[in-house]
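Input: a single structure, listed below in C-alpha cells.
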Amino acid sequence: MDFKLSKTHLLQQELYRKFAETEIKPIARDMDESEEYSMELLEKIQKCGFLGIPFPKEYGGAGGDVLSYTLCMEEVSKVDASTGITISVHTSLCSTSIFDYGSEEQKEKFLRPLIDGSKVGCFGLTEPGAGSDAGGARTVANLDGDEYVITGTKVFTTNAGFADTFLVFAITDKSKGTKGMSAFIVEKGTPGLSVSANIPRMGIRAASNCEVIYDNVKVPAANRIGKEGDGFKIAMKALDGGRIGIGAQSVGIAQGALNEAIKYVKERKQFGRTISAFQNTQFKIAEMQTKVDAARLLVWRAAKAKDDKENFGPYAAMCKLFASEVANEVTRGSVQLLGGYGFSREYPVERMMRDAKITEIYEGTSEVMKMVIAGNMKIK
Amino acid sequence: MRIVVCIKQVPDTTEVKLDPKTNTLIREGVPSIINPDDKAGLEAALRLREQVGGTVTVLCMGPPQADVALREALAMGCDEAVLLSAREFGGSDTWATASIIAAGLNKIGYDLVITGRQAIDGDTAQVGPQIAEQLKVPQISYAEELYNEGEYMIIKQNFDDRYNTIKAKMPCLITILGEFAIPRYMTVGGIVDAYEKEITVLGFEDLKDLLNPEFIGLKGSPTNVIKSFTKQAKGQGTKLADLSADEAVAAIIQKLDEIHII
Numbered sequence: 023m024d025f026k027l028s029k030t031h032l033l034q035q036e037l038y039r040k041f042a043e044t045e046i047k048p049i050a051r052d053m054d055e056s057e058e059y060s061m062e063l064l065e066k067i068q069k070c071g072f073l074g075i076p077f078p079k080e081y082g083g084a085g086g087d088v089l090s091y092t093l094c095m096e097e098v099s100k101v102d103a104s105t106g107i108t109i110s111v112h113t114s115l116c117s118t119s120i121f122d123y124g125s126e127e128q129k130e131k132f133l134r135p136l137i138d139g140s141k142v143g144c145f146g147l148t149e150p151g152a153g154s155d156a157g158g159a160r161t162v163a164n165l166d167g168d169e170y171v172i173t174g175t176k177v178f179t180t181n182a183g184f185a186d187t188f189l190v191f192a193i194t195d196k197s198k199g200t201k202g203m204s205a206f207i208v209e210k211g212t213p214g215l216s217v218s219a220n221i222p223r224m225g226i227r228a229a230s231n232c233e234v235i236y237d238n239v240k241v242p243a244a245n246r247i248g249k250e251g252d253g254f255k256i257a258m259k260a261l262d263g264g265r266i267g268i269g270a271q272s273v274g275i276a277q278g279a280l281n282e283a284i285k286y287v288k289e290r291k292q293f294g295r296t297i298s299a300f301q302n303t304q305f306k307i308a309e310m311q312t313k314v315d316a317a318r319l320l321v322w323r324a325a326k327a328k329d330d331k332e333n334f335g336p337y338a339a340m341c342k343l344f345a346s347e348v349a350n351e352v353t354r355g356s357v358q359l360l361g362g363y364g365f366s367r368e369y370p371v372e373r374m375m376r377d378a379k380i381t382e383i384y385e386g387t388s389e390v391m392k393m394v395i396a397g398n399m400k401i402k
Numbered sequence: 253m254r255i256v257v258c259i260k261q262v263p264d265t266t267e268v269k270l271d272p273k274t275n276t277l278i279r280e281g282v283p284s285i286i287n288p289d290d291k292a293g294l295e296a297a298l299r300l301r302e303q304v305g306g307t308v309t310v311l312c313m314g315p316p317q318a319d320v321a322l323r324e325a326l327a328m329g330c331d332e333a334v335l336l337s338a339r340e341f342g343g344s345d346t347w348a349t350a351s352i353i354a355a356g357l358n359k360i361g362y363d364l365v366i367t368g369r370q371a372i373d374g375d376t377a378q379v380g381p382q383i384a385e386q387l388k389v390p391q392i393s394y395a396e397e398l399y400n401e402g403e404y405m406i407i408k409q410n411f412d413d414r415y416n417t418i419k420a421k422m423p424c425l426i427t428i429l430g431e432f433a434i435p436r437y438m439t440v441g442g443i444v445d446a447y448e449k450e451i452t453v454l455g456f457e458d459l460k461d462l463l464n465p466e467f468i469g470l471k472g473s474p475t476n477v478i479k480s481f482t483k484q485a486k487g488q489g490t491k492l493a494d495l496s497a498d499e500a501v502a503a504i505i506q507k508l509d510e511i512h513i514i
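In C-alpha cells, the structure reads:
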C-alpha cells in the first residue's frame, strides 16, 4: 500500500500546476465574467498535451494514465473549473468512447486528431426531456442506404460552441428501449447541425455549453461507433469514467478555494490579531482540509482501479458523490472565512462556490451516484 | 549539429541556507529548479534544433537529486541527458566545476555549447566563460539572439549600453541571457518519454583521464570561502559642505589615502 505519487506523476503534477498558475489563473475571472472560453488558452492546452493524457502514443496521445489525468483535472480546477470540464468532456466522454468502442479506422480518423490536440470533442446525450433518465432520449437516427439521418435536440452539450467532433446518441430502434440506442460521430459543418449560443448558467460560466439541434443530419454508416444498439452501453461506460474526472475537478475546486481562504486568514486582522489565530478558524480549516484529502484519496482509488482495468464504476460513483459534496461544503466555508470579501467578485471564492454546484449534478447527480453504489452493493 | 546545454539545479528561493562549517549550500529541504538563465539556454537550443536539425543534449553537474532537473529538460524536448556526479566533485568552486564540465564535454563531444549567463544562487557568471577557456573554444557571453549560418553562429550580445553582433566559428560556447525567451512548457507526453529514457551518469572514474584530479572538488578549488555574511546596508556617509573645488579634491584624496585605496 503506497499513497505516494511516482516521480513521473509528480513531474506531471508540477507541469499542470505551473501551467494553471501561469496561464489560466490570471484570466479565469475575465472568462467567467465574459462567459466566453479563451481560444488562445485552449491552443496552449492542446500544445502541452492536456487533451490526450490517458491515451497511448500510437494514436497520438501522451501515453499517460487516468491517475495523471486526475492530477491535471485537480490542478486546472483549482484555478478554473471551466477549464476542468472543457478537458474532461473532451477526454473522458468523447475521446474515451471512441478509444473503447471505435474501429481501427475510426480511431485513426476521429480519435487521433482529438488526442494529438488538433481537434476538440463533445458528447451529446442529455435532452430537454431526458436527463438522469438518459434512456428516454427522443433523438432518432434512421438508416437510409449507407447513411443515417439524425433528427433531434440535445441540450447542455459542453464544448459544443467550439467542438469539431460531436459524439451523439440517438435511437435507432424505439422498440428495444435502451438497447435501441446507438452512438454516432458528427463532424462540425455537417449540414443540418446547428449549435445555439451559450446557455446562461450559475457556474462554470466560461465553459461552452449549448443546445445542439440535429435537423436531418446525414452521416455515413461508417460514423457509427460500436454496433447498432450499443449506444446506451457506450454512454454509461463513458460516464462511469467521466465521474473520476468530475471527482478530481471537485477536489480541485475545493482545494483551490481552501488555499485562497488559508492565504486570507493569515493576512486578515480583526480584534487585533490575524483571524488565523482564532481557534474557530483553525478548526474549520482542519476539518475542510481533512475532507478534501479524503475526497482526493477516493478519486485516486477510482483512477488506479481504472488504470488497473478493475471494476472501477462503483469507486468512480463514490468519489464523485463525496468529492462533489466536499466541493460545495468547502467553497461555502471558504466564502464564510473571507466574509464580505468572500461574497465580493473581487475574490475568486464566490466563483468557486458557484462552480461547485454543478459537480453534484452533471455526469450523474448525487442521487444517481447513490443508485449506482447501492445497486453494486446489491441493496434492493 | 550536436548542441550541448549545461544546466544547474538551484534552490528555488533567495533565502539560501549555508552550512556554517563548509560555507557551501545546504540543498536539502529547499525546492529545486532549473536555473532560469539555463532554462532560456534550453529554449535557445531547442529552437536552434528546429532551425538546423541535430541533437540537443542536456548536461548537469550535481548530486543524484539533479536527476529531476534533467528529466524536466528531456520533457521539454532534449534528446539526451548527462549527469556528472561523484563524491570527488563535491565542493568545487567555479574553476573546478568548469574543469569537470569541460572534461564531460570532451567525453561526449559537441559542436556548440550553451550555458546560462549566471546562476541565481551564486551569481558569478563565471562557469560558462571558464568552460570555454578550458575547452579552448571561442566564448560569446550575454547572448540575446542567435542563429546558425553553416559552420558559424551569429550572436547578438547585449551589454546594456550597447549591442555587439558576433560571428563565431563552431565549436564555440555561448552564454545566454534569461531574457532570450520564455522557455517552453514540458509536455505530458514529454514527461512520459523522459522517464523512459536512460540518463548517462559520468563519475570520477569516467572523467579522470580528461581532467587534473588535483584541481577538482573542495581541495582543488582555488577559491576558498573564508566567511559568509549578510552585507550590511551602507550608512549615511560623510558630507562636507561649503568647500571650494580645491578643498573638496584635497578632502577626497585624504579620505581615500586613509582607507588605503590610493
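Protein chains in written order, with our numbering: chain A, 23 to 402; chain B, 253 to 514. Ideal Cβ placement from N, Cα and C applies to all residues, glycine included.
Whole angstroms are fine: how far does the CA of residue j sit from the CA of residue i?
i, j, result
"residue 42 (chain A)", "residue 332 (chain A)", "31 Å"
"residue 338 (chain A)", "residue 236 (chain A)", "32 Å"
"residue 286 (chain A)", "residue 306 (chain A)", "14 Å"
"residue 142 (chain A)", "residue 425 (chain B)", "43 Å"
"residue 371 (chain B)", "residue 289 (chain B)", "7 Å"
"residue 326 (chain B)", "residue 300 (chain B)", "16 Å"
"residue 361 (chain A)", "residue 176 (chain A)", "40 Å"
"residue 80 (chain A)", "residue 477 (chain B)", "54 Å"
"residue 383 (chain A)", "residue 357 (chain B)", "59 Å"
"residue 311 (chain B)", "residue 344 (chain B)", "17 Å"
"residue 502 (chain B)", "residue 298 (chain B)", "58 Å"
"residue 432 (chain B)", "residue 400 (chain B)", "16 Å"
"residue 289 (chain A)", "residue 296 (chain A)", "6 Å"
"residue 249 (chain A)", "residue 204 (chain A)", "7 Å"
"residue 251 (chain A)", "residue 366 (chain A)", "50 Å"
"residue 375 (chain B)", "residue 275 (chain B)", "16 Å"
"residue 256 (chain B)", "residue 308 (chain B)", "6 Å"
"residue 88 (chain A)", "residue 50 (chain A)", "25 Å"
"residue 280 (chain A)", "residue 39 (chain A)", "16 Å"
If I'm right that residue i touches residue j with Cβ under 8 Å, what's the distance once you round it to whole angstroms?
i, j, result
"residue 268 (chain A)", "residue 388 (chain A)", "Contact flag wrong, Cβ pair sits at about 11 Å."
"residue 335 (chain B)", "residue 440 (chain B)", "So it is not a contact: roughly 24 Å between Cβ atoms."
"residue 443 (chain B)", "residue 34 (chain A)", "5 Å"
"residue 292 (chain B)", "residue 428 (chain B)", "5 Å"
"residue 170 (chain A)", "residue 163 (chain A)", "4 Å"
"residue 276 (chain A)", "residue 217 (chain A)", "Actually they are not in contact, since the Cβ atoms of residue 276 (chain A) and residue 217 (chain A) sit about 32 Å apart, beyond 8 Å."
"residue 365 (chain B)", "residue 258 (chain B)", "7 Å"
"residue 272 (chain A)", "residue 348 (chain A)", "7 Å"
"residue 469 (chain B)", "residue 348 (chain B)", "6 Å"
Report all residues from its chain with a CB closer than 7 Å to the CB of residue i; omit the five preceding and five following residues, and keep chain order.
i, result
"residue 124 (chain A)", "132, 133 and 247"
"residue 410 (chain B)", "394, 396 and 429"
"residue 220 (chain A)", "57, 183, 230, 231 and 232"
"residue 321 (chain A)", "92, 266, 269, 270, 273, 341 and 345"
Taking Cβ-Cβ distances shorter than 7 Å, what residues in chain A pair up with residue i?
i, result
"residue 525 (chain B)", "Since the first residue of chain B shown is 253 and the last is 514, residue 525 (chain B) is not available in this structure."
"residue 324 (chain B)", "33"
Give me the chain B residues within the contact set of residue i, using Cβ-Cβ distance strictly less than 9 Å, ordered along the chain.
i, result
"residue 84 (chain A)", "439, 440, 441, 442, 443 and 444"
"residue 137 (chain A)", "Chain B residues near residue 137 (chain A): none, gap ~10 Å exceeds 9 Å."
"residue 107 (chain A)", "What residue 107 (chain A) touches in chain B: nothing, since even the nearest Cβ is about 19 Å away."
"residue 79 (chain A)", "441, 444 and 445"
Return the chain-ordered list of same chain residues with a C-beta closer than 6 Å to the C-beta of residue i, the five sequence neighbours on each side being excluded.
i, result
"residue 398 (chain A)", "336"
"residue 355 (chain B)", "459, 462 and 463"
In chain A, what lies closer than 8 Å to residue i by C-beta?
i, result
"residue 301 (chain B)", "Correct list: empty, because the minimum Cβ distance to chain A is about 17 Å."
"residue 327 (chain B)", "33 and 37"
"residue 310 (chain B)", "Simply none; closest approach about 15 Å."
"residue 262 (chain B)", "Going along chain A, no residue has its Cβ under 8 Å from residue 262 (chain B), so there is no contact; the nearest lies around 16 Å."
Name the chain B residues that come within less than 8 Å of residue i, Cβ to Cβ?
i, result
"residue 366 (chain A)", "By Cβ distance, chain B contributes nothing, its closest Cβ being about 32 Å from residue 366 (chain A), past 8 Å."
"residue 75 (chain A)", "440"
By Cβ distance below 8 Å, which residues in the same chain neighbour residue i in space, the five residues on each side in sequence not counted?
i, result
"residue 386 (chain A)", "154, 261, 265, 339, 342 and 394"
"residue 505 (chain B)", "514"
For residue i, go through chain A and note every residue whose CB falls closer than 9 Å to its CB, in chain order.
i, result
"residue 282 (chain B)", "By Cβ distance, chain A contributes nothing, its closest Cβ being about 15 Å from residue 282 (chain B), past 9 Å."
May I ask you to check if the CB of residue i is nearer than 7 Å to at least one heavy atom of the ligand FAD?
i, result
"residue 88 (chain A)", "The model on display carries no ligand, and the ligand FAD is accordingly not part of it."
When Cβ atoms are compared, which residues of the segment 52 to 73 of chain A fall closer than 7 Å to chain B? 70, 71 and 72
Query raised in the report: When Cβ atoms are compared, which residues of the segment 441 to 454 of chain B fall closer than 7 Å to chain A?
Result: Contact annotation: in the segment 441 to 454 of chain B, residues whose CB is within less than 7 Å of a CB in chain A are 441, 443, 444 and 447.
In the segment 29 to 49 of chain A, which residues sit with their C-beta less than 7 Å from some C-beta in chain B, listed in chain order? 29, 30, 33, 34, 37 and 41
Positions along the segment 269 to 287 of chain A whose CB lies within less than 7 Å of some CB in chain B
none
- Message: Output needed in chain order: residues of the segment 165 to 182 of chain A with a Cβ under 7 Å from some Cβ in chain B.
- Response: none
With 8 Å as the C-beta to C-beta threshold (strictly closer), list the residues of the segment 89 to 100 of chain A near chain B in chain order. 90 and 94
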